[in-house]
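Just so we're aligned, residue 379 is where the sequence shown starts under the numbering used here, counting upward by one. Yeah, the Cβ is synthetic: ideal placement off N, Cα and C, and Gly gets one too.
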Amino acid sequence: CAESLQTNLLAFLTPCVGASFGVSMDTAGTIAAANFGASCVATAVFGVVSDRHGRKPVILVSILAMLVGAIGSSSAASLAALAAWQAVSGVGLGGTPVAYDLLAEHSPPATRGAVLNVAAWFWSLGSIAVVLVAAGVLGAPHGAWAGLAAPWAALVGLRDAAPWRVFLLTLAAPVAVAAAAVIYVPESPYWLVEKGHLRRVSINIVEMAKANGVWPLPRLSSLTTSMEREYARGLLDGADDAERGASADS
């Protein structure tokens with residue numbers, strides 16, 4: 379959804395910025411060029427970084443970059459400053475595909491395609507959200523949002539309180555929620571296994587099993603193969619580690 383918000387808002391932001399800064403649509407289009415140009419470079423970089431350092435850190439950094447870019451854009455006093463802040467947002471946009479990797483690696487093979495298709499619905503929801511916010515903020519009568527825009531303009535030292543600034547701040551709110559939610563998302567089990575963090579995999583699986591109401595595991599005696607029993611013992615060890623960690627935190 380954050381990816382959709384960042385991409386689709388440019389369709390409404392560009393003409394507003396052109397009018398606000400007194401430039402042509404072609405010139406105002408530099409903000410989109412800065413955004414997508416930075417995104418192209420960041421996508422390749424984040425792919426490599428996520429393989430080395432994990433999916434979760436990359437997703438968190440990308441969402442925070444979009445959030446910082448949106449807030450910075452709303453305070454931009456010139457087209458050049460706005461383009462620079464949109465480049466920051468573009469860097470964040472370049473890391474969002476890693477979220478699909480993490481979702482796929484958490485999904486069982488039998489339902490992986492369906493899960494990813496459902497996730498794609500959030501692109502449509504983000505597109506609808508952008509249109510609704512644009513209609514409510516940019517399509518409102520002149521001066522309707524001055525009460526909200528003026529304090530922000532005064533805070534960051536701007537002379538104008540254009541509605542597009544409120545538009546950007548409003549769309550930054552769900553991005554902030556996404557950044558907070560990522561903290562609670564477990565790391566990819568595939569990446570953890572590849573890097574040899576087997577105990578951490580066990581802890582994550584146990585925590586997810588408890589959250590989904592499928593814990594405790596069946597009795598070890600009911601498992602038919604030695605491999606199943608060994609795997610179950612590993613998860614039980616992970617559960618013990620998780621409980622000791624929770625006790626230590628408390």
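With a beta-carbon spacing of about 7 Å, Val-553 and Leu-383 fall inside the 8 Å limit used to define contacts. Taking 3 residues as the minimum length, the stretch 389 to 459 contains no beta strand (DSSP E) run wholly inside it. The C-beta distance from Ile-437 to Gly-473 rounds to 7 Å, short enough to fall under 8 Å. Taking 8 Å as the upper bound for CB-CB distance, Val-476 and Ser-428 are in contact here, some 5 Å apart.
His-484 sits in a helix when the DSSP states are folded into three classes. Considering only Val-423, Ser-452, Leu-480, the residue with the shortest C-alpha distance to Val-469 is Val-423.
Only exposed fits Gly-591, as fewer than 16 other CB atoms lie within 10 angstroms of its CB. For Ser-452, same chain residues with a beta-carbon under 6 Å away, outside a window of 5 residues either side, are Arg-543, Leu-546, Leu-547 in chain order. In this structure, Leu-457 sits away from Tyr-478, with a CB-CB distance that is not shorter than 8 Å. Cβ neighbours of Lys-573 within its own chain (closer than 7 Å, five residues either side excluded): none. Between Ala-410 and Leu-387, the gap from beta carbon to beta carbon reaches 8 Å or more. Put simply, the backbone Cα of Gly-407 is about 44 Å away from that of Val-571. Counting along the chain, no alpha helix (DSSP H) covers Leu-516, and no H or E run does either. In this structure, Leu-391 is the residue among Leu-391, Ala-559, Ala-420 with its C-alpha nearest to the C-alpha of Ala-454. The criterion of a C-beta distance shorter than 8 Å is satisfied by Val-395 and Leu-460. Taking 8 Å as the cut-off, the beta carbon of Ala-558 is found no closer than this to the beta carbon of Leu-445.
Beyond the five residues adjoining it in sequence on each side, Val-563 comes within less than 8 Å, by CB distance, of Lys-434, Ile-437, Leu-480 in the same chain, given in chain order. When C-alpha distances from Glu-565 are compared across Ala-498, Lys-588, Ala-482, the shortest belongs to Ala-482. In this chain, the alpha helix (DSSP H) harbouring Pro-552 covers 541 to 560.
A check of alpha carbon separations from Ile-441 across Gly-517, Ala-539, Ala-551 identifies Ala-551 as the nearest. With fewer than 16 other Cβ atoms from the protein chains shown falling within 10 Å of its own Cβ, Gly-517 counts as exposed. Around the CB of Trp-499, fewer than 16 other CB atoms lie within 10 Å, so the residue is classed as exposed.
Only residues of its own chain outside the window of five on either side were considered, and among them Glu-483, His-484, Val-579, Asn-582, Ile-583 have a CB closer than 8 Å to the CB of Pro-567, listed in chain order. Secondary structure at Gly-473: helix, using DSSP grouped into helix, strand and coil. For the pair Gly-425 and Trp-569, the CB atoms are not nearer than the 8 Å cut-off.
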